[in-house]
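K.L.:
My structure is below; once you've seen it, I'll send some questions.
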Ligand SMILES: [Fe+2]
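Residue numbers (our numbering): 0 to 356.
What follows is the structure, given as structure tokens:
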């Protein structure tokens, strides 16, 4: 019998950063993780005429784990030292492969630390901090206890799925309450966890980690001039729409599209947890249908969205899952509010649309 909380989050499906140099970021991603190269979207005259965002998404076998980047409109300021800047994204690796990963990072001249043993963020294991050419930071994470499914999808260099994401928060309790209410995750208590650290353990594997900070993380989409960096959280496919409905009932929608609001940094930092427009063709259609966005923000300007997951094993385990994209829910969403006969509902959208992330 399934006793998990309603709307429980099972994994981090994808993590997306900003970049000032898309081709350099893709080279870095391929070299540092062994992920297969994918085309950069937006580099055609036709795309430029349509103002398509310049982006690239790279995915693990099966597509239930991805990383991506969006070209940003302004230059990033310098990042903090390795292991200090936020947000960060971690990837599972096997403990016996640590030296192999260090050698590969050296070979490709990727900035990294040594392997460091730690239990500060809720799990015991070994971490290697590293960075991309833009100064976005990442971690290879070799846990003492590997969750089921973590290495079942892996790159050809044996980098497994996303293990965790680390964000800054000015008030840990606000974010703890938010994720408890809307994502079915209770804050974890562990005496080994570092002070000022909130560990939110996901149902199948992986963690969301918040570190108490004085200032909002620079590189997040609800802050400053930046766009589109976000984290996607996997819920069971049948929980996808109910999870959004609960959120829409409980938190406000952003007042308007960020570019139209023209808020100061201080005003952006003061915004509450909220839902908002997901700047993709599907997200725009979504908001047209129901007047609510399928992106949501925590209390510290980080953006997220849910993604549906269909278990791949007969026992209903979410250790391995097939991702169900937002667009597959559009018709159900429209039906649920009596708009299913709306003409052109699915126009321009399809399984092969690369912009639905
Ligand atoms: Fe996404």
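No residue lacks a Cβ here, since even glycine has one placed at the ideal position from N, Cα and C. All of these numbers come straight from a predicted model, not from anything done at the bench.
Looking at the unbroken beta strand (DSSP E) that takes in residue 281, where does it start and where does it end?
P.N.:
Taking the first residue of the chain shown as position 1, residue 281 is located at position 282. Residue 281 -> not in any beta strand (DSSP E); alpha helix (DSSP H) instead, spanning 280 to 289.
K.L.:
Any contact between the region 219 to 236 and the region 303 to 318? By contact I mean 3 or more CB pairs, one from each, below 8 Å.
P.N.:
Flag = yes, the region 219 to 236 and the region 303 to 318 touch.
K.L.:
Residue 22 to residue 163, Cα distance in whole Å?
P.N.:
As a position in the chain shown, residue 22 is number 23, starting the count at 1. As a position in the chain shown, residue 163 is number 164, starting the count at 1. Answer to the nearest angstrom: the Cα atoms are 25 Å apart.
K.L.:
Using DSSP with H/G/I as helix, E/B as strand and the rest coil, what is residue 192?
P.N.:
Position 193 of the chain shown, counted from the start, is the residue given in the question as residue 192. Residue 192: coil per DSSP, three-state reduction.
K.L.:
Residue 191 and residue 118: beta carbons closer than 7 Å?
P.N.:
Reading the chain shown from its first residue, position 192 is the one you call residue 191. Reading the chain shown from its first residue, position 119 is the one you call residue 118. It is a contact, given that the beta carbons lie within the stated cut-off.
K.L.:
Buried or exposed: residue 328, going by 16 or more other Cβ atoms within 10 Å of its Cβ?
P.N.:
On the chain shown, position 329 is the one that residue 328 refers to. That one is buried.
K.L.:
Taking the alpha carbon of residue 19 as the point to measure from, which residue in 56, 97, 76 has its own alpha carbon closest?
P.N.:
Position 20 of the chain shown, counting from 1, holds the residue named residue 19. Of the listed residues, the one whose Cα sits closest to residue 19 is 76.
K.L.:
I want to check one thing, is the minimum distance from the CB of residue 231 to the heavy atoms of ligand 1 below 6 Å?
P.N.:
On the chain shown, residue 231 is found 232 positions in, with the first residue counted as 1. True, at least one ligand heavy atom lies under 6 Å from that Cβ.
K.L.:
Only counting the same chain, and skipping five residues up and downstream in sequence, which positions put a Cβ closer than 6 Å to that of residue 36?
P.N.:
In the chain shown, the residue the question calls residue 36 occupies position 37. Within the same chain, residue 36 has close Cβ partners 29.
K.L.:
For the alpha helix (DSSP H) holding residue 104, just list the boundary residues, first then last.
P.N.:
Residue mapping note: residue 104 aligns to position 105 of the chain shown, counting from 1. Element bounds for residue 104: 97 to 106.
K.L.:
Could you name the residues that DSSP lists as bridge partners for residue 124?
P.N.:
Start at 1 with the first residue of the chain shown, and residue 124 comes out as number 125. BP columns for residue 124 point to 117, 142.
K.L.:
Check the Cβ-Cβ distances between residue 102 and every residue of chain D, and say whether any is below 7 Å.
P.N.:
This model lacks chain D altogether, as it is built from one protein chain only.
K.L.:
Is residue 312 buried or exposed, if buried means 16 or more other CB atoms sit within 10 Å of its CB?
P.N.:
In the chain shown, counting from the first residue as 1, residue 312 sits at position 313. The residue in question, residue 312, is exposed, as its Cβ has fewer than 16 Cβ neighbours within 10 Å.
K.L.:
Tell me, to the nearest whole angstrom, how far the beta carbon of residue 274 is from that of residue 295; I am working on the premise that it is less than 8 Å.
P.N.:
Against the chain shown, residue 274 aligns to sequence position 275. Against the chain shown, residue 295 aligns to sequence position 296. Contact holds; Cβ gap of about 5 Å.
K.L.:
Please report the distance separating the alpha-carbon of residue 73 from that of residue 258.
P.N.:
On the chain shown, residue 73 is found 74 positions in, with the first residue counted as 1. On the chain shown, residue 258 is found 259 positions in, with the first residue counted as 1. In a straight line, the C-alpha of residue 73 is about 14 Å away from that of residue 258.
K.L.:
Since residue 253 and residue 292 are thought to touch, with beta carbons under 8 Å apart, how far apart are those beta carbons, to the nearest angstrom?
P.N.:
As a first step, residue 253 is located in the chain shown; it is residue number 254 there, counting from the start. As a first step, residue 292 is located in the chain shown; it is residue number 293 there, counting from the start. Indeed, because the Cβ distance is near 7 Å, the residues count as touching under 8 Å.
K.L.:
Per DSSP, what are the beta-bridge partners of residue 88 in this structure?
P.N.:
As a working mapping, residue 88 is identified with position 89 in the chain shown. Its beta-bridge partners are 137, 164.
K.L.:
Measuring CB to CB, does residue 127 end up less than 7 Å from residue 111?
P.N.:
Working through the chain shown from its first residue, we reach residue 127 at position 128. Working through the chain shown from its first residue, we reach residue 111 at position 112. The answer is yes: Cβ separation under 7 Å.
K.L.:
Please go through the region 22 to 99 and give each complete beta strand (DSSP E) segment of 3 or more residues, from N-terminal end onward.
P.N.:
Within the region 22 to 99, the complete beta strand (DSSP E) runs of at least 3 residues are 54 to 58, 65 to 70, 87 to 91.
K.L.:
Using a 10 Å radius around the Cβ and a threshold of 16 neighbouring Cβ atoms, would you call residue 350 buried or exposed?
P.N.:
Here residue 350 refers to the residue found at position 351 when the chain shown is read from its first residue. For residue 350, the predicted structure reports a pLDDT of 48, less than 50, and the residue's modelled location is therefore unreliable. The matter cannot be settled from this model.
K.L.:
Alpha carbon to alpha carbon, how far is residue 141 from residue 310?
P.N.:
Here residue 141 refers to the residue found at position 142 when the chain shown is read from its first residue. Here residue 310 refers to the residue found at position 311 when the chain shown is read from its first residue. Between residue 141 and residue 310, the C-alpha separation is close to 25 Å.
K.L.:
For the 8 Å Cβ check, are there 3 or more pairs between the region 82 to 91 and the region 131 to 145?
P.N.:
Yes: at least three Cβ pairs fall under 8 Å.
K.L.:
Given 8 Å as the limit, is there contact between the region 192 to 207 and the region 93 to 102, that is, 3 or more CB pairs closer than that?
P.N.:
Too few Cβ pairs lie closer than 8 Å, so no.
K.L.:
Would residue 288 and residue 255 be called neighbours here (beta carbons separated by less than 7 Å)?
P.N.:
Locating residue 288 in the chain shown gives position 289, counting from the first residue. Locating residue 255 in the chain shown gives position 256, counting from the first residue. No, they are not a contact pair.
K.L.:
From which residue to which residue does the beta strand (DSSP E) around residue 244 run?
P.N.:
One-based indexing of the chain shown puts residue 244 at position 245. Where residue 244 is concerned, there is no enclosing beta strand (DSSP E), although the alpha helix (DSSP H) it sits in stretches over 239 to 249.
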